[in-house]
Structure formats: C-alpha cells, structure tokens
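The structure appears below as structure tokens.
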Amino acid sequence: MHSWRERDGGLAFELLSSERAPVTTGHADGVITLDVAESDDAHREALREQLGEPYRTVLGHFRHEVGHYYWPLLVPEGGARERCRALFGDEREHYGAALERHYETGPPADWSQRFVSAYATMHPWEDWAETFAHYLHIWDTLQTAGAYGVRVGAAVPGRDADGFHALLDDWLPLTYALNALSRSMGRDDLYPFVLPAPVVDKLAFVHERVTAARHPG
C-alpha cells in the first residue's frame, strides 16, 4: 500500500463530520472519506436501525472502502478479472443506475443465499468491497484470538493449511462461541452473519488474490 505522498493514486484519508455538513462515506481515486460522527454510538446506532443493517462500525466502513481501493490492484484485467465477474457479477454495469435501483426496490428477497450483506447486492463493486471487508474481519479476529491464546475447534485433517477453507475451519467454531458468550451477557450476537456457499467462494477468491499479491510469481 502506498500513500498519496509516495505516488499518484496512492491511498489517502479524509476524516469529516456530518455534524457540521453532509458527509458521504466512500472512495474516489485513492481518497477514502469517513464520517467521524459515526464514532458516536448513538448516531451510528440510529443509522444502523434506519438502514436495517445488522452490523455497522467505523472499522467496517474503513475496511469496505479499502476494498474499493484494492480492487483494481488485486483484480487486474485478464483471467483474474473474468473469474471475478463470474463470482461477483459484471462491474461494467452502470453504477448510478444500480444505486438508484437498490434504494428504490431494496435487495432481492433471497439475497442472504448469495451475498454477505444486503448492501452487497447493489453492484458487483459493492459485493467485492463487502466481501473484502468481511475477509479482513475474519483475519483480524482470528489473529487477535490467537494472540490471546483463544482457540475453539480445529482444522479438518487433510485440509490445505494455506487455503481459505482452513481459515474457515477455525473461524466458524470461534463465531459460534463468540455469539454464545454474547448471549450469556444478555447481548445480541457479536457475529450476525451467515456464510452460504456462494459467499464462501467469494471469500476464497479474495484470499487467493491477497495471497497472490503477497507472494507474486
């Protein structure tokens, strides 16, 4: 990752507050805009309820927008781009029209069978960004759990230790435990997501592209 100070198209962050003026969280040409007003729990919870989202955090926004930044870097034209389209859809679909359709009609009734979130149904770019953010959620939480010596379950014998499914073998038992612990405290599920097979395939593709970038050639 390069900053905007190092090269054109590098990554930069613009932190604004909607308490002073309207702010649109998003990414454009390497600049990620975040609404710091969402660091206020009451403000963020009101938006979460208004938009019908089971999960909404500033960190989630950050990871989502970083996913937009990385998409052209991790999915270049060629075979990788075609495989991405087969999983996420054709990103050449008009974004403005997709945005208008999403806010007029909402997600399809069966969205949870193919997408990690309702927002991911809007456009293939949003599906990628939501999936990329979820991949970072998985990695970061597993690493934190490991740092504290927390381990629930074990990988299935014979699985590729470097593949995404090996991560999933550790991840799913941990989420079951986290949700049970949260309920024991009278709280909602800490991990309010379901990962159907099409979503797992998308996450595995993200894992493949990130791994390829880390180990080129």
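Numbering (this note's numbering), first residue to last: 1 to 217.
Every residue gets a Cβ at the ideal spot worked out from N, C-alpha and C, and that includes glycine.
All of these numbers come straight from a predicted model, not from anything done at the bench.
| Query | Result |
| --- | --- |
| contact_flag[the region 162-177, the region 97-113] where n(CB pairs < 8 Å) is 3 or more | no |
| Contact belief for Phe115 with Val194 at Cβ below 8 Å, rounded distance in angstroms | Actually they do not touch by this definition, with Cβ atoms about 10 Å apart. |
| Where Ala28 falls, given that 16 or more other Cβ within 10 Å makes a residue buried | exposed |
| N- and C-terminal bounds of the alpha helix (DSSP H) containing Leu34 | Not the alpha helix (DSSP H): Leu34 falls in the beta strand (DSSP E), residues Val31 to Asp35. |
| Cα-Cα separation between His165 and Ala204, rounded to whole angstroms | 8 Å |
| Beta-bridge pairing of His27 - partner residues as DSSP gives them | Ile32 |
| Residues near Leu44 by beta carbon distance below 7 Å, same chain, minus five either side | A small correction: the amino acid at residue 44 is Arg; Leu does not occupy that position in the sequence shown. Correct list, in chain order: Glu38 and Arg56. |
| Per-residue burial, Gly79 [other beta carbons within 10 Å of its own, 16 or more giving buried] | exposed |
| Selection from Gly10, Glu19, Tyr191 and Arg48 that minimises the alpha carbon distance to Asp35 | Glu19 |
| Where the beta strand (DSSP E) through Ala12 begins and ends | Ala12 to Leu16 |
| Contact set for Ala46: own chain, Cβ-Cβ below 8 Å, skip 5 residues either direction | none |
| Secondary structure of Leu74, DSSP reduced to three states | helix |
| Residue of Asp40, Leu142 and Arg85 minimising C-alpha distance to Ser17 | Asp40 |
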